[in-house]
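Novice:
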Amino acid sequence: MRVLVTGGAGYIGAHVTRALHGDGHDVGVIDDFSTGERGRLVPDTPVYEGSVLDTAFVETSLRHFAADAVVHIAAKKAVDESVANPLFYYKENVTGVQSVLEAMVGAETRRILFSSSAAVYGEQAASPVTEVTPTVPSSPYGWTKLMGEQIISDVAEAHGLSWAALRYFNVAGAAAPELADRGENNLIPKVFRAVSSGVHPKVFGDDYPTPDGSCIRDYIHVDDVADAHATVLNKMATSKLAVIYNIGTGRGTSVLEIMAAVRQVTGVDFEYDIIGRRPGDPADVVADPVKIRLEIGWESRHNLTDTVDSAWQAWTAATSST
Ligand code: UD1
Numbered sequence: 029m030r031v032l033v034t035g036g037a038g039y040i041g042a043h044v045t046r047a048l049h050g051d052g053h054d055v056g057v058i059d060d061f062s063t064g065e066r067g068r069l070v071p072d073t074p075v076y077e078g079s080v081l082d083t084a085f086v087e088t089s090l091r092h093f094a095a096d097a098v099v100h101i102a103a104k105k106a107v108d109e110s111v112a113n114p115l116f117y118y119k120e121n122v123t124g125v126q127s128v129l130e131a132m133v134g135a136e137t138r139r140i141l142f143s144s145s146a147a148v149y150g151e152q153a154a155s156p157v158t159e160v161t162p163t164v165p166s167s168p169y170g171w172t173k174l175m176g177e178q179i180i181s182d183v184a185e186a187h188g189l190s191w192a193a194l195r196y197f198n199v200a201g202a203a204a205p206e207l208a209d210r211g212e213n214n215l216i217p218k219v220f221r222a223v224s225s226g227v228h229p230k231v232f233g234d235d236y237p238t239p240d241g242s243c244i245r246d247y248i249h250v251d252d253v254a255d256a257h258a259t260v261l262n263k264m265a266t267s268k269l270a271v272i273y274n275i276g277t278g279r280g281t282s283v284l285e286i287m288a289a290v291r292q293v294t295g296v297d298f299e300y301d302i303i304g305r306r307p308g309d310p311a312d313v314v315a316d317p318v319k320i321r322l323e324i325g326w327e328s329r330h331n332l333t334d335t336v337d338s339a340w341q342a343w344t345a346a347t348s349s350t
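Our numbering puts the first residue of the sequence shown at 29, with every later residue one more than the last.
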C-alpha cells in the first residue's frame, strides 16, 4: 500500500517508517520537524513538511502521494507538560486527529492506524490490563488519546473508514544510533543521562505495593512496536478493521529491575537515589497483549536486556557523535 506516516521523522515514527519499507509498502512522511529529525528518514522518502493542524496541507499531501492509508503518530507526549498546558495538548492531539480525518475524508483515504497509549487506562487499572479495562485517564495527555480514539471511531463509522488504535505501553530501545530516543522524559534515557554525567538516577518511590516497592511497567522494544504497525497495516490491506489493541510484552519490570538491567548492560556500577513518589504514577501497568496475538498473530520478540542494550548502543553512539 501507499502509506503516509504523520510524525514519521520522530523516534517511534522513524522506526515505523522503516518497518513499513521493510514490508514493501511505499512510505511517505508528514512532519513539522518540531521534534522530528531528517537524519532519521530512510533516504529518498517523500517528505511533506508542515503541521497536521493544517487540514488543507494534509489533504493536498494525501492526494499528491495517492495514499491508501495514514499512520497518525504526530502528537505531543509529555504527561507533565499536558498537565501544565492542557490547551496545547488538546489542540495538537485532538484537533490534530480531527484535522487528519477531515483531510482523509476530503482525499478519500480510507484507512487509519492511530498511535494511542496505555495512558488511557489511568491510575486505577489492575494489571494486566485488557482492551476492555475501564478507561479513566489521569492526565490531559491520556484524555487526548482516548478522545482521539473516540473521534476516529465515530468518523470511521459515518464515512466507512477502516481503523485501528494501538495503545503503546512503555516504548524503549532503538534499531540504530540515528533513531535513538532523545526525549528527556522517560525512565531509560533519564538513567543513561544520569549515569553518563556521573550523577545518581532517581527512583520515584519504593513504597508501592509491588514485590520490591518500586513501580512496575511493561517496557516494549520500539522495533516490536514498529512491527505491530506493519502487521496491522498488512491486515488492513485486505480487511476492514474497527479495533483497539494493546501493544505490550505482557511482562512487568520494576524501576529497580531497570536499574539492574542498566548496570548489567553498561557495566557501570552506579548508585541511585530513592526519592518520593511522583504524583499520579500508578503502581503497576502491564499489558495483556493476547487480543492482537489471537486476532492477527503479532507478539513482541525482544526481551528486556535486548531493549535496554539497544537503547544504550544508540545512546552512546549518538552522544559520542555530538
Ligand atoms: C507515562 C505514560 C505513557 C507515556 C509516558 C511518556 C501512563 C500510564 N503512561 O509513562 O503513556 O508515553 O508517560 O512520558 O500514564 N521513574 C523513576 N525515575 C525517573 C523517571 C521515571 O523512577 O527519573 C519511574 C516512574 O515512576 C515510572 C517508571 O519509571 O514508574 C516509568 O516512567 P516514565 O518513563 O516516565 O513512563 P510512565 O510514567 O510509565
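For each residue, glycine too, the CB sits at the ideal point set by N, CA and C.
Thinking just about the alpha-carbon of each residue, which of Ala256, Val55, Gly295, Ala112 is nearest to the one in arginine 321?
Specialist: Locating residue 321 in the sequence shown gives position 293, where the first residue counts as 1. Residue Ala256 is the option with its Cα nearest to arginine 321.
Novice: For leucine 284, which of helix, strand or coil comes out of DSSP?
Specialist: Start at 1 with the first residue of the sequence shown, and residue 284 comes out as number 256. Leucine 284: helix per DSSP, three-state reduction.
Novice: So, using beta-carbon positions, are tyrosine 39 and aspartate 209 closer together than 7 Å?
Specialist: For this step, residue 39 is matched to residue 11 along the sequence shown. For this step, residue 209 is matched to residue 181 along the sequence shown. Cβ distance < 7 Å, so tyrosine 39 and aspartate 209 count as in contact.
Novice: Quickly, what does DSSP pair asparagine 198 with across the bridge? List them, please.
Specialist: Here residue 198 refers to the residue found at position 170 of the sequence shown. Tyr247, per the DSSP bridge assignment.
Novice: What do you get for glycine 176, buried or exposed, if any count of 16 or more other CB atoms within 10 angstroms of its CB means buried?
Specialist: Taking the first residue of the sequence shown as 1, we reach residue 176 at position 148. Buried, since its Cβ has 16 or more Cβ neighbours within 10 Å.
Novice: Is it buried or exposed for alanine 103, if we count other Cβ within 10 angstroms and need 16 for buried?
Specialist: Locating residue 103 in the sequence shown gives position 75, counting from the first residue. Counting Cβ neighbours within 10 Å, alanine 103 comes out buried, since at least 16 surround it.
Novice: For asparagine 274, name the three-state secondary structure that DSSP assigns.
Specialist: For the purposes of this step, residue 274 is taken as residue 246 along the sequence shown, with counting starting at 1. Three-state result, asparagine 274: strand.
Novice: Any heavy atom of the ligand UD1 closer than 6 Å to the Cβ of lysine 105?
Specialist: Residue numbering aside, residue 105 sits at position 77 when the sequence shown is read from its first letter. Checking the Cβ of lysine 105 against the ligand UD1 gives yes.
Novice: In terms of residue numbering, what span does the alpha helix (DSSP H) encompassing serine 79 cover?
Specialist: Mapped onto the sequence shown, residue 79 falls at position 51. Taken as a continuous stretch (DSSP letters only), serine 79 belongs to no alpha helix (DSSP H), as it is neither H nor E.
Novice: Please specify which runs of the beta strand (DSSP E), each continuous and at least 3 residues long, are wholly inside the segment 76-121, giving them in chain order.
Specialist: Entirely contained in the segment 76-121, the beta strand (DSSP E) runs reaching 3 residues are, in chain order, 97-100.
Novice: Quick one: which unbroken alpha helix (DSSP H) runs of 4-plus residues sit fully inside the segment 312-343? Chain order, please.
Specialist: Taking only runs of at least 4 residues, the alpha helix (DSSP H) segments lying wholly in the segment 312-343 are 318-324.
Novice: Tell me whether isoleucine 275 is buried or exposed, calling it buried when 16 or more other Cβ atoms sit within 10 Å of its Cβ.
Specialist: Reading the sequence shown from its first residue, position 247 is the one you call residue 275. Answer is buried; the Cβ neighbour count reaches 16.
Novice: Count the other CB atoms within 10 Å of the CB of glutamate 185; is the residue buried (16 or more) or exposed (fewer)?
Specialist: The sequence position of residue 185 within the sequence shown is 157, counting from 1. When all chains shown are included, glutamate 185 counts as exposed.
Novice: Specify, as a first and last residue, the run of the beta strand (DSSP E) that valine 296 falls within.
Specialist: The count along the sequence shown starts at 1 and reaches residue 296 at position 268. Unbroken run through valine 296: none, as it is neither H nor E.
Novice: Measure the C-alpha to C-alpha separation of valine 199 and valine 250 and round it to an integer number of angstroms.
Specialist: Here residue 199 refers to the residue found at position 171 when the sequence shown is read from its first residue. Here residue 250 refers to the residue found at position 222 when the sequence shown is read from its first residue. So the two alpha carbons sit approximately 6 Å from each other.
Novice: Between alanine 37 and the rest of its own chain, which residues show a CB-CB distance below 7 Å, the 5 nearest in sequence each way excluded?
Specialist: Against the sequence shown, residue 37 aligns to sequence position 9. Closer than 7 Å at the Cβ level, and outside the excluded window around alanine 37, lie Val57, Asp59, Phe61, Gly64, Glu65, Arg66, Arg68, Leu69.
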